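Engineer: Numbered per the UniProt record's numbering, the sequence shown spans residues 1 to 379.
Backbone N, C-alpha and C fix where the C-beta goes; we use that ideal spot for every residue, glycine too.
On a predicted model such as this, the values are computed, not experimentally measured, just so you know.
Supplied in structure tokens, the structure appears directly below.
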Amino acid sequence: MRDVAKYLSSKQNTVDQELAAEWAKLESLYNKKLWHQLTIEMLDFVKHPSLQSNNELVQLYENFVADFENKINLLSLTEMCAVIVKQMGTPEDRLSFLKQLQEKVKANKEALALCKVLSGGIILHEKGDQAETKNIMEEIEKILDDTDGITPVHGRYYSLCSDFYRIYGKHADFYRASLRYLGCIELTSLSAAEQKSQAFHLGIAALLGEGIYNLGELLAHPVLESLKNQEESWLVDLLFIMNAGDIAGFHKLRPRWSSQADLVTNERIVLQKITLLALMEMTFKRPATKRNLSFKDIAASTGAREDEVELLVMKALAQGLLKGTIDQVDSIAHFTWVQPRVLDKTQLSSMMTRLENWCKDIESVETLVETKANDILTM
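In structure tokens, the structure reads:
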């Protein structure tokens, strides 16, 4: 039988007057049954430096929180327990605690999802059970699909997913999950080191991820600022080179990116991707009326041999990067559509120039119609 009054009284007998005042405030809110205000205080209090050792958080839960946990918001309770559980002994102890907590909070979808995220993190990082982690991720996804909008748990879920995909080398899935994670949080909530790590792994995943050709969203994201003026700044340069389909720039930068073993091992994959991006960029820059490209021109822009161009175009069409047809007799590719991408500043500038030229063409036609209107009407 827990004695809450005795526990709180003993905690106020500390030489730290500021800490003693906080304990007294918690006691006052508890005695007045002001559960909402107590919850708000507790969410901060569990992070207090004085509680981060000597099993203090576990004692706090057992002697205090457990007494009113059924009276407070279930998501807030789970948020508290997310801090408390870190102080519990073995992974099995923590998973057992979270399993019991899961039963207590299952009426709240967000709390249940967060509880599963916490369990998934332990199973992934400490037990290394890939299959079980994957099962938990799928369970969480189903729960969150039934919630309205983006919840406070979505960011934690995408963080778990990105960790899972990074550990098991699933570059494309990691790329998507990490961008979603960053979209759910304030970047300032990450330390400089965490931002740098996130940016680096995202950059590598963008280069190696199968089917990842839209690099503009990453290039526009402020997380890349963490790599600038750093030893890894070459990665930002390489991403811009890739996005522009600049094959010469890719080879020129080789002395710098060759320090990354994954890129050297998968150089053929990266080169194939930049070649396809070069074809996309070449097509994008041309007006819609001038997209009949000879194999010779494509070879010159992409660095491919002329006898390889047809296969290159077929790959682009098969992956949905471009739409069009191939004239094998005349060795011409006619493109009607380029996959939409998030554009960088250079690409936006190019589009603006084309738009300005289009407006001038319209004005010329308008002037022609005005000056020749009489002739046209009397024909």
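Apart from the five residues on each side of it in sequence, which residues of its chain come closer than 8 Å, Cβ to Cβ, to W23?
Structural biologist: Taken in chain order, the residues that qualify are L8, K11, Q12 and T14.
Engineer: Is DSSP giving A107 helix, strand or coil here?
Structural biologist: Three-state DSSP puts A107 in coil, outside helix and strand.
Engineer: From S294 to F240, what does the alpha carbon distance come to, in whole angstroms?
Structural biologist: Looking at the two C-alpha atoms, the distance is approximately 26 Å.
Engineer: For D93, which of helix, strand or coil comes out of DSSP?
Structural biologist: The answer is helix: DSSP assigns D93 an H, G or I state.
Engineer: When burial is assigned at 16 or more other CB atoms within 10 Å of the CB, is Q198 buried or exposed?
Structural biologist: Buried, since its Cβ has 16 or more Cβ neighbours within 10 Å.
Engineer: Can you look up A177 in the DSSP assignment and give me helix, strand or coil?
Structural biologist: Correct three-state label for A177: helix.
Engineer: Round the Cβ separation of L60 and L51 to the nearest angstrom and send it over; I've been treating them as touching at under 8 Å.
Structural biologist: The pair is a contact, with the Cβ atoms about 6 Å apart (cut-off 8 Å).
Engineer: May I ask which residues mark the beginning and end of the alpha helix (DSSP H) holding F295?
Structural biologist: Run containing F295: F295 to T302, per the alpha helix (DSSP H) assignment.
Engineer: So, are the CB atoms of T346 and A244 less than 8 Å apart?
Structural biologist: In this structure, A244 lies closer than 8 Å to T346 by Cβ.
Engineer: I need the straight-line Cα distance from residue 395 to M352, nearest angstrom please.
Structural biologist: Given that the chain is displayed from residue 1 to residue 379, the structure contains no residue 395 and the question cannot be resolved.
Engineer: Out of P222, S259 and H221, state which residue places its alpha-carbon closest to the alpha-carbon of E232.
Structural biologist: Among P222, S259 and H221, the Cα nearest to that of E232 is on S259.
Engineer: Using the C-alpha atoms, what's the distance from N214 back to T336?
Structural biologist: C-alpha separation (whole angstroms): 19 Å.
Engineer: Indicate the three-state DSSP secondary structure (helix, strand or coil) for A172 in the structure shown.
Structural biologist: Helix at A172.
Engineer: Check whether the Cβ atoms of I212 and A220 lie closer than 8 Å to each other.
Structural biologist: For I212 and A220, no; Cβs fall outside 8 Å.
Engineer: At which residue ranges does the region 38-85 contain complete alpha helix (DSSP H) runs of 4 or more residues, listed in the order of the chain?
Structural biologist: Counting whole runs of 4 or more residues, the region 38-85 contains the alpha helix (DSSP H) stretches 56-60 and 74-84.
Engineer: What's the C-alpha gap between Q17 and N63?
Structural biologist: The alpha-carbon atoms of Q17 and N63 are separated by roughly 22 Å.
Engineer: Of all the options T302, K290 and E306, which has the alpha carbon lying nearest to the alpha carbon of residue 385?
Structural biologist: There is simply no residue 385 to check, as the chain begins at 1 and stops at 379 in what is shown.
Engineer: Note down, in chain order, each residue of its chain lying with its Cβ closer than 6 Å to the Cβ of G303, except the 5 sequence neighbours on either side.
Structural biologist: These residues qualify, in order along the chain: I247.
Engineer: Any idea what DSSP makes of A316, helix, strand or coil?
Structural biologist: Of the three classes helix, strand and coil, the one that applies to A316 here is helix, per DSSP.
Engineer: Tell me which residues share the same chain as S331 and place their Cβ nearer than 7 Å to its Cβ, disregarding the 5 neighbours each side in the sequence.
Structural biologist: Cβ neighbours of S331 beyond the five flanking positions: S294 and F295.
Engineer: In angstroms, rounded to a whole number, what distance separates the CA positions of G128 and R2?
Structural biologist: Using only the alpha carbons, I get a separation of about 37 Å.
Engineer: Out of L160, H154 and T39, which one is the CA nearest neighbour of G183?
Structural biologist: Per the Cα distances, H154.
Engineer: Ordered along the chain, which non-local residues of its own chain (more than five positions away) have a Cβ less than 6 Å from that of Q102?
Structural biologist: Contacts found: C115.
Engineer: Could you give the DSSP three-state label for L322: helix, strand or coil?
Structural biologist: Strand.
Engineer: Provide the residue span of the beta strand (DSSP E) that contains V338, from first to last.
Structural biologist: Unbroken beta strand (DSSP E) run through V338: I332 to V338.
Engineer: In this structure, how does DSSP classify N292 when only helix, strand and coil are distinguished?
Structural biologist: Three-state DSSP puts N292 in a strand.
Engineer: Look up D307 in the DSSP assignment and give the residues it is bridged to.
Structural biologist: Beta-bridge pairing links D307 to no other residue.
Engineer: Assuming A113 contacts I140 under a Cβ cut-off of 8 Å, what Cβ separation, rounded to an integer in Å, is found between them?
Structural biologist: Confirmed, about 5 Å.
Engineer: According to DSSP, is D145 helix, strand or coil?
Structural biologist: D145 falls in the helix class under three-state DSSP.
Engineer: Name, in chain order, the residues that DSSP records as bridge partners for D327.
Structural biologist: Answer is I332.
Engineer: Taking 8 Å as the threshold (C-beta atoms), are L187 and P222 in contact?
Structural biologist: Yes, they are a contact pair.
Engineer: Measure from the alpha carbon of A107 to the alpha carbon of each residue in I84, T147 and S119, then state which is nearest.
Structural biologist: Closest by alpha carbon: T147.
Engineer: Measure the C-alpha to C-alpha separation of K47 and T39 and round it to an integer number of angstroms.
Structural biologist: About 13 Å.
Engineer: In three-state terms, what does DSSP make of V264?
Structural biologist: In the structure shown, V264 sits in a helix (DSSP, three-state: H, G or I).
Engineer: Between the alpha carbons of T289 and L144, how many angstroms are there, rounded?
Structural biologist: T289 and L144: Cα-Cα distance of roughly 46 Å.
Engineer: In angstroms, rounded to a whole number, what distance separates the CA positions of L95 and L118?
Structural biologist: Using only the alpha carbons, I get a separation of about 9 Å.
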